[in-house]
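One structure is given below, encoded as structure tokens.
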Amino acid sequence: MRQEVSRREEAELLRGHPKPRTPHGWGLLLALWYLTFYKPILTEGHLRRKNLEFIFIRFSAWQYSGCDKLWAGLVTTLCDSIRRHFGALPLSVYHVLGSPPSYAAGFGQQEWVLKRGTCLKLWGSLLALAAGLAVLLVALLVPGIKEHQALKVVGSTVASLSGSSLALGVFSVLKNLLVSEKQKIERLTNSQRFANQLGFMSKVRGEVEALVDFLGFMEVFERRRLRVVLEITSLDLCLPEKVAGVLTAMGTLLSDAHAPFIFLLAVDPGVIVPCLEQTGCLRGLADNGYLYLNRVVTLPFSIPAMGARSRLRCLRAAVQSREDLLYRIIASNLGKTASGTSAGIASPSLPASWQEVDAEASGCIHQAFDCLHDANQALARYLPTDGAHLRRIVNTIPITLRLLLHRDRSRAPQLPSEGIAAGSVATSPCAAAAWVVLADQWPCRLSWALQCLEDAWQSGLARELEGRSLWSLYQENLAELSALRQPLGNLLSLDGDPELFQTFLACDFPFGASHAHELLEVTVNLDHSIRHRMGLLRGLNRLQRAVPTPRCPTEPCPHRA
1 MRQEVSRREE
11 AELLRGHPKP
21 RTPHGWGLLL
31 ALWYLTFYKP
41 ILTEGHLRRK
51 NLEFIFIRFS
61 AWQYSGCDKL
71 WAGLVTTLCD
81 SIRRHFGALP
91 LSVYHVLGSP
101 PSYAAGFGQQ
111 EWVLKRGTCL
121 KLWGSLLALA
131 AGLAVLLVAL
141 LVPGIKEHQA
151 LKVVGSTVAS
161 LSGSSLALGV
171 FSVLKNLLVS
181 EKQKIERLTN
191 SQRFANQLGF
201 MSKVRGEVEA
211 LVDFLGFMEV
221 FERRRLRVVL
231 EITSLDLCLP
241 EKVAGVLTAM
251 GTLLSDAHAP
261 FIFLLAVDPG
271 VIVPCLEQTG
281 CLRGLADNGY
291 LYLNRVVTLP
301 FSIPAMGARS
311 RLRCLRAAVQ
321 SREDLLYRII
331 ASNLGKTASG
341 TSAGIASPSL
351 PASWQEVDAE
361 ASGCIHQAFD
371 CLHDANQALA
381 RYLPTDGAHL
391 RRIVNTIPIT
401 LRLLLHRDRS
411 RAPQLPSEGI
421 AAGSVATSPC
431 AAAAWVVLAD
441 QWPCRLSWAL
451 QCLEDAWQSG
461 LARELEGRSL
471 WSLYQENLAE
481 LSALRQPLGN
491 LLSLDGDPEL
501 FQTFLACDFP
511 FGASHAHELL
521 EVTVNLDHSI
531 RHRMGLLRGL
541 NRLQRAVPTP
551 RCPTEPCPHR
561 A
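Structural data, given as structure tokens:
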């Protein structure tokens, strides 16, 4: 959007159009002059202008989720951002002396009309003040007239009345300069009578309309079109009533026919739609949240799934954000250089065993990330397309590998570059990274396989489990999981593609029971409450199947004989 603005600006200058101006520096004095004495006119030439300016405002709904009215936070963010963009003084003067723009009657090109009423009032007040002061000075200083009290009264009265009107205007400007629109709205929302203020919405709407008129004035002054782009994020992290309030504010307060606002609603419809349907605000729309979104959103844009290059690029950016890993590489290189150049320099203050473990962990971490970065490796195909999940994986892999090393310092992890095969060591960096990806992408199905494995161990079937894979154990108990799909519906929705889960465990990374037993102790990105809930449901299901069916009273007891 910024590139498009620059391109249009250059094209308008080449056509001979005047250069845009801003209300900063000397332009501030010119803007105050126009605000005081002139009224803007929206002509045909102004409406045909191609050059424009975007004012970008980011609104994170999560930051305002604690207030009573989340949509009030949206309005205050809008007011505060526009005030900071143009300056507090022009907006304060506009509230007192400014005039909203009006459309031209014909095809005239005159963009400014002198406000004769304001000029007459101002010049009249100044002349009256000068006359009153002159009469008062004459009555006080000229000999022979000092005794006339009537002249003193008339002069002081005229001077005080004319001066008070001017002082009142200056005081209004100073008041708007010190008390911003954001503070006005926050004062209304913090009032104890907030729930009973019937005119609250009209006051907020009045502030928004004043901002819209001010933007129209600045369009004519800057000689370009203005568009305010509000990016609304983190709305799917708020409570359902907060979500409905923000969408209502968009529809009722900020969506006038000529309002220069563009909303970028960055949300997950799978989260927003249930919130709208829970609040009961969809009456008349058959309680259909998707239908409500279709009426609110005028340009839907569903972001497509990431490709392989995009996922690797996201992964690389997430790894580069880990400054601790980069610092450890630099520190280890400096340590090697110092030890090689000067033998008399002492080693760092950490114990030698800690330094060895730390250096070994850094090497393993980077080899694990190499497995993720390599597009030819099988693990790269299972990287998630969500940036949040990628960051979770990047943050979890170093912790998992360090826990593995600290659990058994005597055994260093093997470093193969390919996926694990049957009977290979499960604590290799690539295998540990694969286990982290498995726990992140399919937490419910992995928890079910681990719960079945735990129940088998507790039943004394440890020997039968030797050499068995997690996939075969999962397949064996799949029918029982299908019977519990209703109480586990929310947990199953956390998993990714089931077909990819099968390919992951059955072909590319065939983790066995021994691997799971070894890695479960250091698994930090798998919610253990999921397995606990599955264990309870599985136990209740087995109790229901173990209850004997009631016998008919007329049927003879088989044990009586």
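Per full-length UniProt numbering, residue 1 is the first one in the sequence shown, and the count goes up by one each step. All C-beta atoms, glycine included, are put in the ideal place defined by N, C-alpha and C.
For the pair the stretch 94–108 and the stretch 126–135, tell me if three or more CB-CB distances fall below 8 Å.
no
To which residues of the same chain is E524 closer than 7 Å at the C-beta, ignoring the five residues directly before and after it?
The question names Glu, yet the displayed sequence has Val at residue 524. T396, I399 and T400.
Rounded distance between the beta-carbons of K242 and L78, thought under 8 Å:
Incorrect: roughly 17 Å between the Cβ atoms, too far for contact.
What do you reckon, are the CB atoms on L226 and E219 nearer than 8 Å?
yes
Bridge partners - Y103, DSSP secondary structure assignment:
Listed as beta-bridge partners of Y103 by DSSP are L42.
Tell me whether R15 is buried or exposed, calling it buried when 16 or more other Cβ atoms sit within 10 Å of its Cβ.
Residue environment analysis places R15 among the exposed positions, since fewer than 16 neighbouring C-beta atoms fall within 10 angstroms of its C-beta.
Let's see if you can read the secondary structure: which residues bound the beta strand (DSSP E) around E454?
For E454, no beta strand (DSSP E) encloses it; the enclosing alpha helix (DSSP H) starts and ends at P443 to Q458.
Contact defined as beta carbons within less than 8 Å: I believe V319 pairs with I185. What is the distance between those atoms, to the nearest angstrom?
At roughly 43 Å, the Cβ-Cβ gap does not stay under 8 Å, so V319 and I185 are not in contact.
Give the DSSP-derived three-state secondary structure of F221 in the structure shown.
In the three-state scheme derived from DSSP, where H, G and I count as helix and E and B as strand, F221 is classed as helix.
Give a yes or no on contact between the stretch 360–373 and the stretch 426–444, applying the rule of three or more CB pairs nearer than 8 Å.
yes
For P304, count neighbouring Cβ atoms within 10 angstroms of its own Cβ and tell me buried if that reaches 16, exposed if not.
exposed
Let me make sure I understand the geometry here. Which of L383, F509, G289 and A266 has the alpha-carbon closest to that of V273?
G289
Helix or strand or just coil, what does DSSP make of T22?
coil
Rounded to a whole number of angstroms, what is the C-alpha to C-alpha distance between H24 and L188?
32 Å
Would you kindly check if the distance between the Cβ of R83 and the Cβ of E181 is under 8 Å?
In this structure, E181 sits near R83, with a CB-CB distance shorter than 8 Å.
Integer-rounded CB distance, given that L215 should sit under 8 Å from P260
5 Å
With a threshold of 6 Å on Cβ separation, who are the neighbours of L42 within its own chain once the five nearest residues in sequence on each side are excluded?
P101 and Y103
Name the DSSP beta bridge partners of L226, please?
Looking at the DSSP assignment, L226 forms a beta bridge with E53.
6 Å Cβ shell around L166 - same chain, five flanking residues per side excluded:
S125
What do you get for S339, buried or exposed, if any count of 16 or more other CB atoms within 10 angstroms of its CB means buried?
With a pLDDT of 46 at S339, under the threshold of 50, the modelled position of that residue is not reliable, and the figure given next carries that caveat. The residue in question, S339, is exposed, as its Cβ has fewer than 16 Cβ neighbours within 10 Å.
For the putative contact between Q451 and R542, defined by C-beta atoms under 8 Å, what is the C-beta separation to the nearest angstrom?
That belief does not hold up - the Cβ atoms of Q451 and R542 are roughly 13 Å apart, past 8 Å.
When you compare only the Cα positions, how much space is there between A439 and L526?
6 Å
What is the DSSP secondary structure of G512, reduced to helix, strand or coil?
strand
In terms of DSSP beta bridges, what is L265 paired with?
I232
Once you ignore the five residues that flank I262 on each side, which residues in its own chain have a CB closer than 6 Å to its CB?
Non-local beta-carbon contacts of I262 in its own chain, meaning distances under 6 Å to residues more than five positions away in sequence, involve R227 and V229 in chain order.
Any idea what DSSP makes of Q214, helix, strand or coil?
The sequence as given places Phe at residue 214; Gln does not occur at that position. If DSSP states are grouped into helix, strand and coil, F214 belongs with the helices.
Give me, in chain order, the residues of the same chain whose beta-carbon lies closer than 7 Å to that of A412; leave out the 5 immediate sequence neighbours on both sides.
Any answer about A412 is weak, because its pLDDT of 46 lies below 50 and its placement is not dependable; what the coordinates show is given next. Excluding residues within five positions, the ones whose Cβ falls inside 7 Å are E360.
Using the beta-carbon count (16 or more within 10 Å), is M1 buried or exposed?
exposed
Applying the criterion that 16 or more other CB atoms from any shown protein chain within 10 Å of the CB defines a buried residue, is S362 buried or exposed?
buried
Tell me whether R542 sits in a helix, a strand or coil according to DSSP, three-state version.
R542: helix per DSSP, three-state reduction.
State yes or no: is the C-beta of S160 nearer than 7 Å to some heavy atom of the ligand ADP?
The model depicted lacks the ligand ADP and carries no ligand whatsoever.
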